[in-house]
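In our numbering, each residue carries its 1-based index in the sequence shown increased by 7. Report on the following structure.
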Amino acid sequence: MHNLWIPVVAIFVVAGLIFGGQAYSEAQRDAHIAETISERLNSQAPAEISNLATVNKGYGVCGDYALSGAESGRFYYNSNTKRLALGTDAPLYRDNCESVYN
Numbered sequence: 008m009h010n011l012w013i014p015v016v017a018i019f020v021v022a023g024l025i026f027g028g029q030a031y032s033e034a035q036r037d038a039h040i041a042e043t044i045s046e047r048l049n050s051q052a053p054a055e056i057s058n059l060a061t062v063n064k065g066y067g068v069c070g071d072y073a074l075s076g077a078e079s080g081r082f083y084y085n086s087n088t089k090r091l092a093l094g095t096d097a098p099l100y101r102d103n104c105e106s107v108y109n
């Protein structure tokens, strides 16, 4: 009976590593997006991002951003090419995010 516990524990460890790594990767991506928005808008304060939606089979992220000032808006970020589009008028945003929010 004790030999049954070894594969069960191994399965849980592998599952934890896979899902834990994915959560860590998404947190890094989100921090990179917030930093890129702040740099693009020449803000010393980090941007806060919210209402994130994954698009394009996981390669793109649509969402809202807000800076500590009154400035806020929507963005699209392509995780593959590292391209950022700010504002709903940006062609990349319209092409990838309009269907998410309409």
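Glycine is no exception: its CB is placed at the ideal position from the N, C-alpha and C atoms.
Within the model, the alpha-carbon separation for residue 100 versus residue 94 is close to 7 angstroms.
Annotation for residue 47: 91 and 93 place their beta carbon closer than 8 angstroms to its own, counting only its chain and skipping 5 residues before and after.
The alpha-carbon of residue 54 is positioned some 17 angstroms away from that of residue 89. Excluding the 5 residues flanking it on each side, residue 97 has same chain C-beta neighbours closer than 8 angstroms at 83, in chain order. Excluding five sequence positions before and after residue 85, the CB atoms of its chain that fall closer than 7 angstroms to its own CB belong to 66 and 67, given in chain order.
Membership of residue 55 in the beta strand (DSSP E) is indicated by the continuous run 55-62. Annotation: the continuous beta strand (DSSP E) that includes residue 79 extends over 79-85.
Residue 60 is a Cβ neighbour of residue 107, given a cutoff of 7 angstroms. With respect to the C-alpha of residue 71, the residue from 80, 63 and 18 having the closest C-alpha is 80.
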